[in-house]
Structure formats: C-alpha cells, structure tokens
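Only one structure is covered here, and it is reproduced in the block below.
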Amino acid sequence: MMAAGCAPAAIRMEGDMRPSAALASNRDAVISTVSGYPVSNLRVFGSVARGEDDENSDVDLLIDPLPGLTLFQICGLEIELERLLGKKVDLVIAEELHRRIKGRVLAEAKPL
Numbered sequence: 001m002m003a004a005g006c007a008p009a010a011i012r013m014e015g016d017m018r019p020s021a022a023l024a025s026n027r028d029a030v031i032s033t034v035s036g037y038p039v040s041n042l043r044v045f046g047s048v049a050r051g052e053d054d055e056n057s058d059v060d061l062l063i064d065p066l067p068g069l070t071l072f073q074i075c076g077l078e079i080e081l082e083r084l085l086g087k088k089v090d091l092v093i094a095e096e097l098h099r100r101i102k103g104r105v106l107a108e109a110k111p112l
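Counting in UniProt numbering, the sequence shown runs from 1 upward without gaps.
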C-alpha cells in the first residue's frame with residue numbers, strides 16, 4: 001500500500017529550499033505529526049538520505065504500519081507533511097516495497 005498522489009493540487013510546493021534542509025529544520029514537527037498516526041519506524045530514503053537532493057526533489061519517507069492504519073490516514077499524513085515541509089512527500093510502507101528495490105531502500109534508509 002503506497003500512498004502515491006494523495007495530496008491535492010492546491011498545496012503549493014516551495015522550490016527555493018532543498019528537501020533535506022526543510023526536513024532538518026522541521027524534524028521535531030515531522031516526528032510530532034507522525035506520532036499522531038498508527039505508524040512506526042519513520043525513515044528517510046532516496047535522494048534526501050543520500051545527500052543528492054536538490055530544490056526539485058521530493059521527500060521519500062518509509063514507515064511501518066501499525067494495526068488499524070487506513071489508506072485515508074496515509075493520505076492525511078502525507079498531506080500534513082507536505083504542508084509542513086513545503087515539499088512533495090511520498091510515504092512508502094516498507095513491507096510493500098518491490099523485492100527488486102527493497103534491499104537498496106532499506107540499506108540507505110535513515111531514521112529521523
């Protein structure tokens with residue numbers, strides 16, 4: 001269950017800050033926001049985790065679902081995080097990763 005495309009088009013994404021900087025400056029708020037949802041083990045992966053992000057990169061976040069997590073909650077969390085960071089966020093459920101990329105993603109994922 002991946003939450004692709006949950007954010008409404010009305011959310012304006014900021015282009016003048018790298019996602020890694022937005023995430024670093026809002027780390028505590030991100031953790032606080034995520035703590036309100038039935039998820040655990042929040043990690044960042046992709047270009048932000050590798051230090052290769054630029055102003056147009058998104059924020060790839062990996063989560064483990066807890067019992068009762070719904071698609072509506074995943075989308076709600078994704079939207080909240082996009083508003084908080086001013087960047088596109090992709091929430092990915094770790095157990096749903098395709099086997100071809102799972103090892104690489106899990107190896108580069110960094111806890112927040």
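Every residue, glycine too, gets a C-beta built ideally from N, C-alpha and C.
Everything numeric in this text was worked out from a predicted model, so none of it was measured.
Are three or more beta carbon pairs between the region 81 to 92 and the region 28 to 47 nearer than 8 Å?
yes
**Q.** Beta-carbon proximity list for Asp64, same chain, < 6 Å, skipping 5 on both sides
**A.** Residue numbering aside, residue 64 sits at position 64 when the sequence shown is read from its first letter. Correct list, in chain order: Ser40, Asn41, Ala94.
With distances taken from CA atoms, which of Arg99, Glu108, Tyr37 is nearest Glu78?
As a first step, residue 78 is located in the sequence shown; it is residue number 78 there, counting from the start. Of Arg99, Glu108, Tyr37, the residue nearest in Cα terms is Tyr37.
- How would you label Arg43, buried or exposed, when you count the other beta carbons within 10 angstroms and need 16 or more for buried? As a working note, residue 43 is residue 43 in the sequence shown. Arg43 is buried by the Cβ-count criterion.
- [ ] Give me the Cα-Cα distance between Phe45 and Pro111, rounded to the nearest whole angstrom.
- [x] Counted from its first residue, the sequence shown places residue 45 at position 45. Counted from its first residue, the sequence shown places residue 111 at position 111. So the two alpha carbons sit approximately 9 Å from each other.
> Looking at the unbroken alpha helix (DSSP H) that takes in Asp28, where does it start and where does it end?
Replying inline: Position 28 of the sequence shown, counted from the first residue, corresponds to residue 28. Where Asp28 is concerned, the enclosing alpha helix (DSSP H) stretches over 27 to 34.
Can you name, in chain order, every residue of its own chain whose Cβ lies under 8 Å from the Cβ of Ala10, other than the five neighbours on each side? Here residue 10 is taken as the residue at index 10 of the sequence shown, counted from 1. Caution is warranted here: a pLDDT of 43 is assigned to Ala10, below 50, making its placement in the model unreliable, and the coordinate value is therefore given only provisionally. Taken in chain order, the list of residues that qualify is empty.
* When we look at the beta-carbon of Ala107 and count the other beta-carbons within 10 Å, is it buried (16 or more) or exposed? -> Within the sequence shown, numbered from 1, the residue matching residue 107 stands at position 107. With fewer than 16 Cβ atoms within 10 Å of its Cβ, Ala107 is classed as exposed.
Subject >> Asp54 and Asp90 closer than 8 Å at C-beta >> reply: Taking the sequence shown and counting its residues from 1, one reaches residue 54 at position 54. Taking the sequence shown and counting its residues from 1, one reaches residue 90 at position 90. Contact: no.
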